[in-house]
Amino acid sequence: NTFRMIKQDEFDISSKLHTIVRGEDEAAMVESVGLALVKLPDVLQRLAPDILLVHGDRFDALALATAAALMNIRILHLEGGEVSGTIDDSIRHAISKLAHYHAVCTRSAERHLISMCEDHSRILLAGCPSYDKLLSAHQRDDYTDIIKSWIGMSYD
């Protein structure tokens with residue numbers, strides 16, 4: 001999980017907050033967001049961040065972005081502007097609207113944020129760290145194997 005990856009990269013973790021109530025069905029997600037919104041102000045006041053990096057489109061990220069926005073903490077949203085056609089879009093776009101800065105993966109995502117009236121000067125076309133890691137883990141000219149590996153196809 002993300003926590004282990006952060007520790008593995010030798011970053012300090014100043015706070016860890018458990019907010020998942022009882023799974024990830026619709027009602028549980030709402031309860032988890034509510035619990036996070038109750039707990040986050042204390043954590044954010046103690047840490048007093050200059051800026052928060054909020055990644056993606058999960059309900060827990062929405063809770064963090066909501067709390068930060070209400071507490072006047074600047075937000076950098078990673079991977080906003082993407083479109084998947086699911087509920088994730090609504091959550092992702094809500095986070096993007098709460099964010100002050102955006103690091104996007106694609107030109108399409110950049111255009112989408114601009115169409116949402118986000119300030120172009122606050123959007124960075126940064127690429128996608130997941131894709132970069134995928135490409136660096138294999139021979140760059142062996143795209144067939146990369147794609148097969150990425151989507152979990154066997155190498156028969």
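Letter 21 of the sequence shown, counting from 1, is numbered 21 in the UniProt record's numbering, and no numbers are missing. Beta carbons: idealized from backbone N, C-alpha and C, even for Gly.
Spatial distance of residue i from residue j (CA atoms)
| i | j | result |
| --- | --- | --- |
| TRP150 | VAL83 | Reliability of the predicted coordinates at TRP150 is poor, the pLDDT of 48 falling under 50, and the value obtained from them is presented with this limitation in mind. Cα-Cα distance, rounded: 20 Å. |
| residue 169 | ASP12 | As displayed, the chain neither begins before 1 nor continues past 156, which places residue 169 out of reach and without an answer. |
| ALA68 | GLY23 | 24 Å |
| ILE20 | CYS117 | 33 Å |
| LEU17 | VAL38 | 11 Å |
| ASP88 | GLU10 | 30 Å |
Burial state of residue i (16 or more Cβ within 10 Å)
| i | result |
| --- | --- |
| ASP119 | exposed |
| ASP156 | Low local confidence applies: a pLDDT of 47 at ASP156 is under 50, so the model's placement there is unreliable, with the coordinate-based value given in what follows. By the neighbour-count rule (16 or more Cβ atoms within 10 Å), ASP156 is not buried but exposed. |
| HIS77 | buried |
Residue from the options whose Cα sits closest to the Cα of residue i
| i | options | result |
| --- | --- | --- |
| residue 157 | SER115, GLY85, THR66, ARG107 | Residue 157 falls outside the range modelled here, since the chain spans only 1 to 156, and no answer is possible. |
| SER14 | ILE20, PHE3, VAL21, HIS112 | PHE3 |
| ARG111 | LEU70, GLY80, VAL54 | GLY80 |
| ILE91 | VAL30, THR106, ILE20 | VAL30 |
| PRO49 | ILE75, ALA103, ARG58 | ILE75 |
| ILE51 | SER96, MET116, ILE73, CYS117 | ILE73 |
| VAL104 | ALA28, LEU53, ALA63, GLN8 | LEU53 |
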